[in-house]
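Take this note's numbering: the final residue in the sequence shown is number 316, and no numbers are missing along the way.
Don't be surprised by glycine CBs; every beta carbon is placed ideally from N, CA and C.
Everything numeric in this text was worked out from a predicted model, so none of it was measured.
For reference, the structure is listed below as structure tokens.
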Amino acid sequence: MKILVIGSHGMLGRDLVNRLSNLSDQKNPGNEVIAADREHVDITHGEDASKFIAQIKPDVIVNCAAFSNVDACETQISNAFAVNATGAKNVALAGKQAGAKVIHISTDYVFDGMKNAPYLETDKPHPLSVYGKSKLEGEIAVQETNGNCAIIRTAWLFGPYRKNFVTTMLELGRKNRSVSVVTDQYGSPTYTADLSCAIQTVISRDLQGIYHVTNIGRCSRYEWAQKIFELTGNQVSVLPLKTADYQRAARVPRNSSLNCTKYTTTTGQKMRPWHEALEEYISKSLR
């Protein structure tokens, strides 16, 4: 099997390439993993995407590419839709032409956060931000363009290959004795290493449709920050802050936690709790 990972320089993409490459060496010597990023293919241009994918002839394409700076999307609207919507469609179409299955990575921000429980795959999306709207348009385009596809919605990613909430908190903690963090935004922190394992399962099981995949558990940003400083032993005070008092360009969902029962039931595999994944990440990557 030949697997193409687009967006291979991103936080998830790099972890996924490492995961799939290691598996290829140890268990599936016949598998080939190709890593591609912006210098290899411009997915916002359909002809470029089509030619590149036709040359590689992959069996599976995992599209991790995204314009994921949520606040920047509010002012760079055309760029956000070019990558997250048009780019997703171009990859799906090129994949269909090449006979490849497409696995598209999406987000919890397709929901508005008004539900008082974790979101199911069957819940109707209603994004609040340009980022969420562009990602939802990408989801729809992939499903309409290539019937051989899987959509994986995930949330609150952290991992070793790019700045994230954990590294931001630790950087602020080194400069200040206290940090202010919102108490009324809830979600599920997700370790890219664990998500990469789940993506590998989706590939090996040839799953179709939409799946929610995050680490288990739900917390506020405030609780997440507290756990980060607890695990690192940093003596930093975490001060409560309401979203209404925190100015940012984009509107974000109050509750973006995802119900992952479908993935667990279908695969028989259960993601570990987020705090266990966070502890491993800190011990391996940040100490």
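> Does the separation of the CB atoms of residue 85 and residue 60 fall below 9 Å?
Replying inline: Start at 1 with the first residue of the sequence shown, and residue 85 comes out as number 56. Start at 1 with the first residue of the sequence shown, and residue 60 comes out as number 31. In this structure, residue 60 does not lie closer than 9 Å to residue 85 by Cβ.
> Taking the alpha-carbon positions, what's the residue 225 to residue 277 distance?
Replying inline: Counted from its first residue, the sequence shown places residue 225 at position 196. Counted from its first residue, the sequence shown places residue 277 at position 248. When rounded, the separation of the alpha-carbon atoms in residue 225 and residue 277 is 30 Å.
>> Quick check on this structure: which residue in 119, 45, 44, 91 has the alpha carbon closest to the alpha carbon of residue 74?
In response: By one-based count along the sequence shown, residue 74 stands at place 45. Residue 119 is the option with its Cα nearest to residue 74.
> In angstroms, rounded to a whole number, what distance separates the CA positions of residue 211 and residue 248?
Replying inline: Within the sequence shown, numbered from 1, the residue matching residue 211 stands at position 182. Within the sequence shown, numbered from 1, the residue matching residue 248 stands at position 219. Going by the C-alpha atoms only, they are around 11 Å apart.
> From the DSSP output, which residues share a beta bridge with residue 182?
Replying inline: As a first step, residue 182 must be located in the sequence shown, where it is residue number 153. Beta-bridge pairing links residue 182 to 135, 241.
>> Assuming the contact rule is C-beta atoms closer than 8 Å, residue 285 and residue 138 should be a hit. Round their C-beta distance to whole Å, please.
In response: Here residue 285 refers to the residue found at position 256 of the sequence shown. Here residue 138 refers to the residue found at position 109 of the sequence shown. Here residue 285 really is in contact with residue 138; their C-beta atoms are around 6 Å apart, less than 8 Å.
> Are three or more beta carbon pairs between the region 234-247 and the region 260-267 nearer than 8 Å?
Replying inline: Flag = no, the region 234-247 and the region 260-267 do not touch.
> Which of helix, strand or coil does DSSP assign to residue 86?
Replying inline: Here residue 86 corresponds to residue number 57 of the sequence shown, with the count starting at 1. Coil, per DSSP.
>> In chain order, what are the residue ranges of uninterrupted alpha helix (DSSP H) at least 4 long that sit wholly in the region 244-276?
In response: Taking only runs of at least 4 residues, the alpha helix (DSSP H) segments lying wholly in the region 244-276 are 250-261.
>> Here's a check: name, in chain order, each residue in its chain whose Cβ is nearer than 7 Å to the Cβ of residue 174, leaving out the five neighbours to either side.
In response: Mapped onto the sequence shown, residue 174 falls at position 145. 118, 121, 122, 125, listed in sequence order.
> When the Cα atoms are used, what is the spatial distance from residue 34 to residue 179?
Replying inline: What you label residue 34 is simply residue 5 of the sequence shown in a count that begins at 1. What you label residue 179 is simply residue 150 of the sequence shown in a count that begins at 1. Cα to Cα, the separation comes out at about 14 Å.
> From residue 127 to residue 94, what does the alpha carbon distance come to, in whole angstroms?
Replying inline: Residue numbering aside, residue 127 sits at position 98 when the sequence shown is read from its first letter. Residue numbering aside, residue 94 sits at position 65 when the sequence shown is read from its first letter. Inter-residue distance for residue 127 and residue 94 is about 19 Å (C-alpha atoms, whole angstroms).
>> Give me the DSSP bridge partner(s) of residue 148.
In response: One-based indexing of the sequence shown puts residue 148 at position 119. Looking at the DSSP assignment, residue 148 forms a beta bridge with 287.
>> Between residue 216 and residue 302, how many whole angstroms is the CB-CB distance? I'm expecting something under 8 Å.
In response: Position 187 of the sequence shown holds residue 216. Position 273 of the sequence shown holds residue 302. With a contact defined as Cβ atoms closer than 8 Å, residue 216 and residue 302 miss out at about 14 Å.
> Is the CB-CB distance between residue 148 and residue 241 below 9 Å?
Replying inline: By 1-based counting over the sequence shown, the position of residue 148 is 119. By 1-based counting over the sequence shown, the position of residue 241 is 212. Taking a C-beta distance under 9 Å as the contact criterion, residue 148 and residue 241 qualify as a contact pair.
>> Could you compute how far the alpha carbon of residue 201 sits from the alpha carbon of residue 269?
In response: Residue 201 sits at position 172 when you count from the first residue of the sequence shown. Residue 269 sits at position 240 when you count from the first residue of the sequence shown. Across the structure, residue 201 and residue 269 are spaced so that their CA atoms are roughly 15 Å apart.
> Using the rule of at least 16 other Cβ atoms within 10 Å of the residue's Cβ for burial, across every protein chain shown, is residue 41 buried or exposed?
Replying inline: Here residue 41 is taken as the residue at index 12 of the sequence shown, counted from 1. With 16 or more other Cβ atoms within 10 Å, it is buried.
>> Measuring straight from C-alpha to C-alpha, what distance separates residue 168 and residue 130?
In response: In the sequence shown, residue 168 corresponds to position 139, counting from 1. In the sequence shown, residue 130 corresponds to position 101, counting from 1. Computed Cα separation, rounded: 14 Å.
>> Once DSSP output is grouped into helix, strand and coil, what is the label at residue 165?
In response: By one-based count along the sequence shown, residue 165 stands at place 136. Helix, per DSSP.
> Among 140, 164, 146, 163, which residue has its Cα nearest to the Cα of residue 153?
Replying inline: Translated into the one-based positions of the sequence shown, residue 153 becomes position 124. Nearest of 140, 164, 146, 163 to residue 153, Cα basis: 140.
>> Here's the rule: buried if 16 or more other CB atoms are within 10 angstroms of the residue's CB, otherwise exposed. What is residue 51?
In response: As a working mapping, residue 51 is identified with position 22 in the sequence shown. Classification of residue 51: exposed, given that the 10 Å Cβ count is below 16.
>> Can you list, in chain order, the residues of its chain with a C-beta nearer than 7 Å to that of residue 45? Leave out the 5 residues immediately preceding and following it.
In response: The residue you call residue 45 lines up with position 16 of the sequence shown. Counting only Cβ-Cβ distances below 7 Å, and skipping sequence neighbours, we find 34, 91, 93, 225, 228.
> For residue 64, does the three-state DSSP call read helix, strand or coil?
Replying inline: Here the question's residue 64 lines up with position 35 in the sequence shown. Looking at residue 64 - three-state DSSP - the assignment turns out to be strand.
>> Rounded to whole angstroms, what is the Cα-Cα separation between residue 87 and residue 132?
In response: Working through the sequence shown from its first residue, we reach residue 87 at position 58. Working through the sequence shown from its first residue, we reach residue 132 at position 103. Distance between the alpha carbons of residue 87 and residue 132: 12 Å.
> Can you list, in chain order, the residues of its chain whose CB lies under 8 Å from that of residue 193, leaving out five sequence neighbours each side?
Replying inline: One-based indexing of the sequence shown puts residue 193 at position 164. Here the set comprises 40, 186, 187.
> Would residue 209 pass as a contact of residue 265 if the rule is Cβ separation under 9 Å?
Replying inline: The residue given as residue 209 occupies position 180 in the sequence shown. The residue given as residue 265 occupies position 236 in the sequence shown. In this structure, residue 265 does not lie closer than 9 Å to residue 209 by Cβ.
> Apart from the five residues just before and just after residue 108, which ones in its own chain have a Cβ nearer than 7 Å to its Cβ?
Replying inline: Taking the sequence shown and counting its residues from 1, the one referred to as residue 108 is at position 79. Short of 7 Å from the beta carbon of residue 108, and not among the five residues preceding or following it, lie these beta carbons of its own chain, in chain order: 96.
> On the three-state DSSP scale, how would you describe residue 221?
Replying inline: Here residue 221 is taken as the residue at index 192 of the sequence shown, counted from 1. For residue 221, the three-state secondary structure derived from DSSP is helix.
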